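Peer 1: Position 631 of the sequence shown, counting from 1, maps to 630 under numbering that gives the first Met the number 0, and the rest follow consecutively.
Here a beta-carbon is modelled for each residue, glycine too, at the ideal position from N, C-alpha and C.
As the structure is a prediction and not an experimental result, all values here were calculated from the model.
Dropping the structure in here first, questions after.
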Amino acid sequence: MKLTKRVGRAALLGIMLMHSASAWAFNQAPDLQAMVDAGSLPPVAERLPAEPLVLTPLKEVGSYGGEMRTDLLGGTDRGYGWLNRILGYEPLVRFAPEGGTVIPNIAASWDVNPESTEFTFHLREGMKWSDGAPVTADDIVFWYEDMALNTELYPGGPGGHMMNAGTPATLTKVDDLTVKFTFAAPYGLFLQQLASGNNQPPIAPRHYGEQFLPKYNEAGLPDLLKAAGTATWVELFNQKVGGATGSDFAKWLNPELPTVNAWTVTSPYDGASTQVVAKRNPFYWKVDTAENQLPYLDQVVFPIVGDPEVLKLMVMNGQVDFVYRPQNFTITDKPTFFDNQEAGQYHFIDLSADVSAAHALHLNLTVLDETKRALFTNKDFRIALSHALNRPELIDIIYVGQGEAYQVAPRPESAFYDQAFARQYTEYDPDKANQMLDALGLTERDGNGIRLMSNGQPLSIRMDVRTDTTQQIDSLELIQGYWKDVGIDLQVNVIDSALYRERQVANLYEAISNVGAGGLNELLNPRLYVPINDNALYAVPWSYWYNKDDRGIEPDAVTVEQLRIYDEALATADADKQAELFREVLAIARDEFRSFGISLLTGTYAIATNRLGNVPDTMIDSAIYPTPAPLNLSTWYIKAQ
């Protein structure tokens, strides 16, 4: 079959694909050279693939040595969090540093058929895992057939990015370096989904992972289970390799797990250590334009900090080289950081956010309490609560006047911006809110002025919020007062992120606080508009239904139709038609008004020490992107002092 859309071996957005590594006199870090000289490591040319990926440093060719210090806010940064963004973003294809465009990574090139149903990827000859074993098509087959399609490891299926038209992809191994994914219908966003920070790279080290599967090592598993202290092979596999419930954790917990990352974890995130340490991967498969094997940095160190206030002091003292925490370092902190720049020897990096509302509130439309569910699913009830919010005051106090009243809707700079969507029900009108609540039959009140529900109980709403989102917590303290003024008792439930996530996926919350995702990159991150995954915070069980998970609850007819239109958009290869269909999805989200926001997110920033080289002046602020991973951290370096 004739294939089109070939991505060839040519200069592309600061990344070049070169001819055979044997034609180059590659340089390497001094510690690796010493190992080569001692005979404990192969020469650098033998460790690199035939066509290494060549990165153009942002500002200059760096120098080897030193460590970058970033942070982990204890217990909150697992999975596709900070560790993954700094160390773990090595998908099959990736986003370009400036965002948007999908460029080669593990796959040196790819072909797509005219219908966008077949995607053929060509891997790099001679590329190796961190233990020196070859990376081949078998590693992709292993991930897909033995992991993603294994219902004991992945009870909900292989993940949304491997599904289209309700059917998982078919994977074909063409040869040792070539695989083909085939879908039942056109899949116009498959490459973008593969590059997304929200999805798992479809590859795992088969030579290491097979030992933990009954299919390959039934006789040896009892000894492995005993050594690891695990009860089942699934628990063992999640701990050692990864699966649907532990895929993000294994590479931070198990230093023996081979990776393709620039640095590999040597001091794991096991709950006992005070820091996570990742050291240079001798087999890393990227080089710079001066023929230096990357990365420049010897190691990355993540001190585990238990208190955001302590982290702020560490930043001001120059003890953290790079920090990106829009949820903790808010606009109100910026003047303090600004005044201390010279003493702390750091500078700001401006962020371009893909978040819409800086703070978003989500009532659980599938809440277990039936009386509350009847209220929460009533659109007028949600509108009333939105009108009860004094957004001008919130913006003045919480965001020091920077922002504007905004719902959970695409940002003004988005191609999908809809002013009516963004501004609806944002007027502060407590009289109107009271009238609407009265019209819903909530006229009786208790001695504290709290309205009584139909079951005679006070109308109390428990809102979950993470401990690491200090700005949201401050905002909710004000919202408590606004809602009390209209007879609603808001109980703010401040919990750590692990418990927050646990309650979220188990549908144990009444309401939940977060940011308004999907301000940009809406097609890839539409969860707050249409319930496609368990981050659809207004109705997680609807997403389970969509993904054919046994925990699912069938949505209302309007949402079922919205999901159908979204699937049609995903299956559409024509970009204009796809955008037209997605606008229909957004129109339904606007009319349903499932979540509400406070203020448009503005003024976010990151901070870097002046000793850190090749750091950009501006960054995209996005989990999809995922900041700062596409910025080629392997080319960052420590400047000579």
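For residue 367, count the other beta carbons within 10 Å of its own beta carbon; 16 or more makes it buried, fewer makes it exposed. Which is it?
Peer 2: Counted from its first residue, the sequence shown places residue 367 at position 368. Counting Cβ neighbours within 10 Å, residue 367 comes out exposed, since fewer than 16 surround it.
Peer 1: Leaving out five residues before and five after residue 238 in sequence, what residues of the same chain have Cβ atoms less than 7 Å from its Cβ?
Peer 2: Residue 238 sits at position 239 when you count from the first residue of the sequence shown. Around residue 238: 227, 229, 245, 249, 252, 253.
Peer 1: Report yes or no: do three or more beta-carbon pairs, one from the stretch 435-445 and one from the stretch 414-427, lie closer than 8 Å?
Peer 2: Because the criterion of three Cβ pairs below 8 Å is not met, the stretch 435-445 and the stretch 414-427 do not touch.
Peer 1: On the CB-based measure, 16 or more other CB atoms within 10 Å of its CB, does residue 549 come out buried or exposed?
Peer 2: Locating residue 549 in the sequence shown gives position 550, counting from the first residue. Residue 549 should be labelled exposed.
Peer 1: Counting only the same chain and skipping the five closest in sequence on each side, list residues whose C-beta sits under 8 Å from that of residue 140.
Peer 2: Looking up residue 140 in the sequence shown gives position 141. The residues are 170, 172, 178, 205.
Peer 1: Fully enclosed by the stretch 362-425, which alpha helix (DSSP H) runs are 4 residues long or longer?
Peer 2: 369-375, 378-386, 390-397, 418-422, all fully within the stretch 362-425.
Peer 1: By DSSP, does residue 240 sit in helix, in strand, or in coil?
Peer 2: The sequence position of residue 240 within the sequence shown is 241, counting from 1. Three-state DSSP puts residue 240 in coil, outside helix and strand.
Peer 1: Going by DSSP, what residue range makes up the beta strand (DSSP E) through residue 489?
Peer 2: As a position in the sequence shown, residue 489 is number 490, starting the count at 1. Residue 489 -> beta strand (DSSP E) spans 488-494.
Peer 1: Cα-Cα, which of 281, 280, 295 is closest to residue 287?
Peer 2: Mapped onto the sequence shown, residue 287 falls at position 288. Out of 281, 280, 295, 295 has the C-alpha closest to the C-alpha of residue 287.
Peer 1: Cα separation between residue 156 and residue 98?
Peer 2: The residue you call residue 156 lines up with position 157 of the sequence shown. The residue you call residue 98 lines up with position 99 of the sequence shown. Rounded to the nearest angstrom, the two C-alpha atoms are 29 Å apart.
Peer 1: What are the boundary residues of the beta strand (DSSP E) that residue 513 is part of?
Peer 2: Residue mapping note: residue 513 aligns to position 514 of the sequence shown, counting from 1. Its beta strand (DSSP E) spans residues 510-513.
Peer 1: What's the call for residue 607, buried or exposed, on a 16-neighbour Cβ count within 10 Å?
Peer 2: Translated into the one-based positions of the sequence shown, residue 607 becomes position 608. Residue 607 is buried by the Cβ-count criterion.
Peer 1: Go ahead and pull the three-state DSSP assignment for residue 116.
Peer 2: Indexing the sequence shown from 1 puts residue 116 at position 117. Coil, per DSSP.
Peer 1: Give the single residue among 255, 352, 27 whose Cα lies nearest to the Cα of residue 617.
Peer 2: In the sequence shown, the residue the question calls residue 617 occupies position 618. Cα-wise, what sits closest to residue 617 is 352.
Peer 1: I'd like to check one pair, residue 597 with residue 584: are the Cβ atoms closer than 8 Å?
Peer 2: Along the sequence shown, read from residue 1 onward, the residue named residue 584 stands at position 585. Along the sequence shown, read from residue 1 onward, the residue named residue 597 stands at position 598. No; because the gap between Cβ atoms is not below 8 Å, this pair is not in contact.
Peer 1: Using the Cβ count rule (16 or more neighbours within 10 Å means buried), how would you classify residue 301?
Peer 2: Stepping through the sequence shown from its first residue, residue 301 is reached at position 302. Buried, by the Cβ-count rule.
Peer 1: Residue 490 and residue 453: beta carbons closer than 8 Å?
Peer 2: Along the sequence shown, read from residue 1 onward, the residue named residue 490 stands at position 491. Along the sequence shown, read from residue 1 onward, the residue named residue 453 stands at position 454. Their beta carbons are not under 8 Å apart, which means residue 490 does not touch residue 453 by this criterion.
Peer 1: Look up residue 452 in the DSSP assignment and say whether it is helix, strand or coil.
Peer 2: By one-based count along the sequence shown, residue 452 stands at place 453. Coil.
Peer 1: Excluding the five sequence neighbours on either side, which residues of its own chain have a C-beta within less than 6 Å of the C-beta of residue 132, listed in chain order?
Peer 2: Translated into positions along the sequence shown, residue 132 becomes position 133. Around residue 132: 206.
Peer 1: Are the Cβ atoms of residue 587 and residue 557 separated by less than 8 Å?
Peer 2: Here the question's residue 587 lines up with position 588 in the sequence shown. Here the question's residue 557 lines up with position 558 in the sequence shown. Taking 8 Å as the Cβ cut-off, residue 587 and residue 557 qualify as a contacting pair.
Peer 1: Could you give the distance in angstroms between the alpha-carbon of residue 531 and the alpha-carbon of residue 525?
Peer 2: For the purposes of this step, residue 531 is taken as the residue at position 532 of the sequence shown. For the purposes of this step, residue 525 is taken as the residue at position 526 of the sequence shown. Between residue 531 and residue 525, the C-alpha separation is close to 8 Å.
Peer 1: Measure the Cβ-Cβ separation of residue 145 and residue 212 and say whether it is below 8 Å.
Peer 2: On the sequence shown, residue 145 is found 146 positions in, with the first residue counted as 1. On the sequence shown, residue 212 is found 213 positions in, with the first residue counted as 1. Yes, the pair counts as a contact, with Cβ atoms nearer than the cut-off.
Peer 1: For residue 550, name the three-state secondary structure that DSSP assigns.
Peer 2: Along the sequence shown, one-based indexing puts residue 550 at 551. Residue 550: coil per DSSP, three-state reduction.
Peer 1: Using the C-alpha atoms, what's the distance from residue 505 back to residue 574?
Peer 2: Mapped onto the sequence shown, residue 574 falls at position 575. Mapped onto the sequence shown, residue 505 falls at position 506. Straight-line Cα distance between these residues: approximately 36 Å.
Peer 1: Is it true that the stretch 379-386 meets the stretch 428-439, where meeting means three or more beta-carbon pairs spaced less than 8 Å apart?
Peer 2: Yes, the stretch 379-386 is in contact with the stretch 428-439.
Peer 1: For residue 625, count the other beta carbons within 10 Å of its own beta carbon; 16 or more makes it buried, fewer makes it exposed. Which is it?
Peer 2: As a first step, residue 625 is located in the sequence shown; it is residue number 626 there, counting from the start. The residue is buried, with at least 16 neighbouring Cβ atoms inside 10 Å.
Peer 1: How would you call residue 640, buried or exposed, if buried means at least 16 neighbouring beta carbons within 10 angstroms?
Peer 2: Position 641 of the sequence shown, counted from the first residue, corresponds to residue 640. With fewer than 16 Cβ atoms within 10 Å of its Cβ, residue 640 is classed as exposed.
Peer 1: Report the option in 232, 187, 198 whose CA atom is closest to the CA atom of residue 209.
Peer 2: Numbered from 1 along the sequence shown, position 210 holds the residue referred to as residue 209. Closest option to residue 209, Cα to Cα, is 232.
Peer 1: Please say whether residue 86 and residue 202 have beta carbons closer to each other than 8 Å?
Peer 2: Your numbering for residue 202 matches position 203 in the sequence shown. Your numbering for residue 86 matches position 87 in the sequence shown. No. Outside cutoff.
Peer 1: Give me the residue from 43, 198, 162, 125 with the minimum Cα distance to residue 623.
Peer 2: The count along the sequence shown starts at 1 and reaches residue 623 at position 624. Nearest C-alpha to residue 623: 198.
Peer 1: Residue range of the beta strand (DSSP E) that residue 68 falls in?
Peer 2: Within the sequence shown, the letter at position 69 stands for residue 68. Residue 68 -> beta strand (DSSP E) spans 66-68.
Peer 1: Drop a sphere of 10 angstroms on the beta-carbon of residue 120, count the other beta-carbons inside from all chains shown, and report buried for 16 or more, exposed for fewer.
Peer 2: Indexing the sequence shown from 1 puts residue 120 at position 121. Answer is buried; the Cβ neighbour count reaches 16.
Peer 1: Decide if residue 320 is buried, meaning its Cβ has at least 16 other Cβ atoms within 10 Å, or exposed.
Peer 2: Locating residue 320 in the sequence shown gives position 321, where the first residue counts as 1. When all chains shown are included, residue 320 counts as buried.
Peer 1: If I'm right that residue 552 touches residue 365 with Cβ under 8 Å, what's the distance once you round it to whole angstroms?
Peer 2: Looking up residue 552 in the sequence shown gives position 553. Looking up residue 365 in the sequence shown gives position 366. Rounded, the Cβ-Cβ distance is 5 Å, consistent with contact.
Peer 1: With which residues is residue 599 paired in a DSSP beta bridge?
Peer 2: Counting from one through the sequence shown, the residue named residue 599 turns up at place 600. DSSP lists 356 as partners of residue 599.
Peer 1: So, at 7 Å on beta carbons, what are the nonlocal neighbours of residue 0 in its own chain, with the 5 sequence-adjacent residues on each side left out?
Peer 2: Taking the sequence shown and counting its residues from 1, one reaches residue 0 at position 1. Residue confidence is low: residue 0 scores 28 on pLDDT, short of 50, so the model does not pin down where it sits. No coordinate-derived value is stated.
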